[in-house]
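Student:
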Amino acid sequence: DTGVSQDPRHKITKRGQNVTFRCDPISEHNRLYWYRQTLGQGPEFLTYFQNEAQLEKSRLLSDRFSAERPKGSFSTLEIQRTEQGDSAMYLCASSLDRAQETQYFGPGTRLLVL
Amino acid sequence: KNEVEQSPQNLTAQEEEFITINCSYSVGISALHWLQQHPGGGIVSLFMLSSGKKKHGRLIATINIQEKHSSLHITASHPRDSAVYICAVSSADTDKLIFGTGTRLQVFP
């Protein structure tokens, strides 16, 4: 297993466009997390899946953001009508479905909205 | 006030120096994590601890649950230790991580 992968690694888009990011977790991991990190800051929680169920969403996740994990494996994060403030690194992490499990991070998708 | 506070924000050291990074938190947690982030974004988990002390190579992490405080120590620091070190706590309910802002460490030869 090669760990958590994310695609694309970089995305440049114009304001108002829609973008979609994909995360492939480690295969046996039930839990999948999305985080966002802006320059010079620590990551912030966006949303969390246990299998295909989205169990928690941050208030940071406005109605322009939607995340899915349809078959409990890979997940997608879509941002509609992007704004310059959406520019950030979007990180995905996965873990086993047990308390106090290590989260394994993907390399991130760096988004720049012009 | 942030739920997870780290200090210092920036740290420079000479090779071989002993380094300490501190983390305080104000929420109920199930575990505390120390993470390392290199330029380019990749985050690697160094430690996860809920009590006591853990050691891995030149890295040592301690936690005091009563005082809600943790420290990360690096012994005999090396330029390859240069990175951002992030403290994060797992919330008591969902295990989502709440992150500190990170400590940028630069070790010079």
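Keeping their order, the protein sequence lines are chains A and B. Take the first sequence: its letters are residues 670 to 783, numbered as in our numbering. Take the second sequence: its letters are residues 76 to 184, numbered as in our numbering. Glycine included, every Cβ here is placed at the ideal spot set by N, Cα and C.
Quick one: is PHE201(B) buried, meaning 16 or more other Cβ sit within 10 Å of its Cβ, or exposed?
Tutor: Since the first residue of chain B shown is 76 and the last is 184, residue 201(B) is not available in this structure.
Student: Tell me which residues share the same chain as GLU142(B) and place their Cβ nearer than 6 Å to its Cβ, disregarding the 5 neighbours each side in the sequence.
Tutor: Answer for GLU142(B): no residue qualifies.
Student: Suppose the cutoff is 6 Å on Cβ atoms and the five residues either side in sequence are ignored; what does the same chain contact list for TYR717(A) look like?
Tutor: Cβ neighbours of TYR717(A) beyond the five flanking positions: TYR702, LEU724 and GLU725.
Student: Between ALA762(A) and chain B, is there a C-beta pair that is closer than 9 Å?
Tutor: By this cut-off, ALA762(A) is an interface position.
Student: Taking 9 Å as the CB-CB cut-off, is SER157(B) touching chain A?
Tutor: Answer no: the Cβ-Cβ gap between SER157(B) and chain A never drops below 9 Å.
Student: On the DSSP letters alone, give me the boundaries of the beta strand (DSSP E) that ALA163(B) sits inside.
Tutor: 158-166 is the extent of the beta strand (DSSP E) around ALA163(B).
Student: With three or more C-beta pairs closer than 8 Å as the rule, is the region 705-717 of chain A touching the region 678-685 of chain A?
Tutor: The answer is no - the region 705-717 of chain A does not touch the region 678-685 of chain A, with fewer than three Cβ pairs under 8 Å.
Student: Only counting the same chain, and skipping five residues up and downstream in sequence, which positions put a Cβ closer than 6 Å to that of ASP676(A)?
Tutor: Same-chain partners within the cutoff: ARG691.
Student: Counting C-beta neighbours from all protein chains within 10 Å, is the total for GLY711(A) 16 or more, i.e. buried, or is it exposed?
Tutor: The residue in question, GLY711(A), is buried, as its Cβ has 16 or more Cβ neighbours within 10 Å.
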